[in-house]
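Asks:
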Amino acid sequence: MLQQNRSLCLASSSPRRRELLTRFGLDFLVQSPDTDESVRSHESPEAFVTRIALEKAQQVAPDHPERITLAGDTVVVLDQKILGKPMDRANSVRMLEQLSGKTHEVFTAYALLDGISGPCVQELVRTRVSFRSLTSELIQTYVQTGETDDKAGAYSIQGLGTMLVAAIEGSYSNVVGFPVERILDEMMRRGWLSCKPS
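What the sequence shown shows, in our numbering, is residues 204 to 401, in sequence order.
#1: Less than 6 Å between C-beta atoms, sequence neighbours within five positions excluded: which residues of the same chain meet that for Pro268?
#2: Do Val279 and Ala355 have their C-beta atoms closer together than 9 Å?
#3: For Ala260, which option in Val324, Ser320, Met204 has the closest C-alpha, if you only look at C-alpha atoms?
#4: With distances taken from CA atoms, which of Leu229, Gln234, Leu299, Leu213 is nearest Gln207?
#5: If we require 3 or more residues per run, which beta strand (DSSP E) segments fall completely within the stretch 341 to 381?
#6: Please name the residue, chosen from Asp291, Asp276, Arg329, that lies closest to Leu315 on a Cα-to-Cα basis.
#7: Would you give the residue range spanned by the alpha helix (DSSP H) that Val252 belongs to?
#8: Which value, in whole angstroms, describes the spacing of the CA atoms of Asn377 and Glu326?
#9: Which class does Thr238 belong to by DSSP, given the choice of helix, strand or coil?
#10: Evaluate Gly304 with the Cβ neighbour count: other Cβ atoms within 10 Å of its Cβ, from every protein chain shown; 16 or more gives buried, anything less gives exposed.
#11: On the DSSP bridge assignment, give the partners of His307 in chain order.
#12: Which residues share a DSSP beta bridge with Gln325?
#13: Mapping DSSP to helix, strand and coil, what is Leu302?
#14: Which residues mark the beginning and the end of the alpha helix (DSSP H) in which Leu387 is found?
#15: Provide the residue(s) that pair with Phe231 in DSSP beta bridges, ordered along the chain.
#16: Using only the alpha-carbon positions, how far apart do Val379 and Gln262 sit?
#17: Can you tell me whether Thr238 sits near the ligand NAD, meaning its C-beta is under 8 Å from at least one heavy atom of the ligand?
#18: To the nearest angstrom, report how far apart Met290 and Gln301 are at their CA atoms.
#19: Among residues of its own chain, excluding the 5 on either side of Lys288, which ones have a beta-carbon nearer than 7 Å to its beta-carbon?
#20: Apart from the five residues on each side of it in sequence, which residues of its chain come closer than 7 Å, Cβ to Cβ, to Gly394?
#21: Give me the Cα-Cα distance between Gln283 and Ile255, rounded to the nearest whole angstrom.
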């Protein structure tokens with residue numbers, strides 16, 4: 204269905220991002236960047252995630268000049284505060300208690316760098332996610348599945364965490380790790396990808 208006109212490098216160690224691209228039949232090389240993901244003083248969540256996505260792409264792209272390098276970063280934000288990955292399960296419980304019954308935002312920024320001609324595409328995509336009111340029993344049960352352990356905001360919308368969600372406004376795949384529909388559109392617009400009849 205999709206034909207790649209340029210080879211791709213994914214600058215990410217995220218299995219969820221790999222899965223999203225694989226689902227569309229894309230062939231790509233993976234190289235994990237080693238980026239300092241510390242938030243700078245007075246840096247907004249939007250500015251932070253945009254900067255990190257670009258830094259990841261810029262770090263990996265020189266190793267693969269013939270490829271398009273794709274990088275991204277995702278943050279869960281509640282009341283303008285970034286909820287990172289929980290340090291332990293007690294931290295997971297606290298995060299989910301904070302999110303319970305509220306609407307939070309998920310920001311994903313992606314960067315596409317062309318190693319041949321040099322242009323860089325960057326976009327920031329926002330999705331609003333509303334949680335149900337969660338009982339402490341549900342929170343404890345979910346945390347004990349282990350699914351919260353390495354997830355920003357302590358939940359996985361594509362896993363069991365879907366039972367915590369009341370509503371979503373915007374791109375679902377953005378919450379998973381990439382606004383894949385926007386990335387594919389951009390790649391097609393630039394001729395890096397095209398549709399082919401099956």
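Note that beta-carbon positions come from the ideal geometry of N, C-alpha and C, so glycine has one too.
These numbers come from a predicted model, not from an experiment.
Replies: From the atom records:
#1: Position 65 of the sequence shown, counted from the start, is the residue given in the question as residue 268. Correct list, in chain order: Gly318.
#2: For the purposes of this step, residue 279 is taken as residue 76 along the sequence shown, with counting starting at 1. For the purposes of this step, residue 355 is taken as residue 152 along the sequence shown, with counting starting at 1. Yes, Cβ-Cβ distance for Val279 and Ala355 is below 9 Å.
#3: In the sequence shown, the residue the question calls residue 260 occupies position 57. The candidate whose alpha carbon is nearest that of Ala260 is Val324.
#4: Here residue 207 refers to the residue found at position 4 when the sequence shown is read from its first residue. Looking from the CA of Gln207, the closest CA among Leu229, Gln234, Leu299, Leu213 belongs to Leu229.
#5: Scanning the stretch 341 to 381 for uninterrupted beta strand (DSSP E) segments of 3 residues or longer gives 368 to 372, listed from N- to C-terminal end.
#6: For this step, residue 315 is matched to residue 112 along the sequence shown. Nearest in C-alpha terms to Leu315, of all of Asp291, Asp276, Arg329, is Asp276.
#7: The count along the sequence shown starts at 1 and reaches residue 252 at position 49. From DSSP, the alpha helix (DSSP H) with Val252 extends over 248 to 263.
#8: Indexing the sequence shown from 1 puts residue 377 at position 174. Indexing the sequence shown from 1 puts residue 326 at position 123. Roughly 12 Å separates the two Cα atoms.
#9: As a working note, residue 238 is residue 35 in the sequence shown. Correct three-state label for Thr238: coil.
#10: Sequence index remark: in the sequence shown, residue 304 carries index 101 (1-based). With fewer than 16 Cβ atoms within 10 Å of its Cβ, Gly304 is classed as exposed.
#11: Along the sequence shown, one-based indexing puts residue 307 at 104. His307 is bridged to Val332.
#12: Taking the first residue of the sequence shown as 1, we reach residue 325 at position 122. In the DSSP assignment, Gln325 is bridged to Ala314.
#13: In the sequence shown, counting from the first residue as 1, residue 302 sits at position 99. Per DSSP, reduced to three states, the secondary structure at Leu302 is helical.
#14: Position 184 of the sequence shown, counted from the start, is the residue given in the question as residue 387. Note, Leu387: alpha helix (DSSP H), 383 to 392.
#15: Looking up residue 231 in the sequence shown gives position 28. Residue pairing for Phe231: DSSP places it in a beta bridge opposite Leu211.
#16: For the purposes of this step, residue 379 is taken as residue 176 along the sequence shown, with counting starting at 1. For the purposes of this step, residue 262 is taken as residue 59 along the sequence shown, with counting starting at 1. Taking the straight line from one Cα to the other gives about 23 Å.
#17: Among the components of this structure there are no ligands whatsoever, and the ligand NAD is therefore not found.
#18: The count along the sequence shown starts at 1 and reaches residue 290 at position 87. The count along the sequence shown starts at 1 and reaches residue 301 at position 98. Near 16 Å, if we compare the C-alpha coordinates of Gln301 and Met290.
#19: For this step, residue 288 is matched to residue 85 along the sequence shown. Setting aside the 5 residues that flank it on each side, Lys288 is surrounded in the same chain by Asp353, Lys354, Ala355, each with a C-beta closer than 7 Å to its C-beta; the list follows chain order.
#20: Residue mapping note: residue 394 aligns to position 191 of the sequence shown, counting from 1. Closer than 7 Å at Cβ, skipping near neighbours: Asn208.
#21: Translated into positions along the sequence shown, residue 283 becomes position 80. Translated into positions along the sequence shown, residue 255 becomes position 52. Their backbone Cα atoms lie some 18 Å apart in a straight line.
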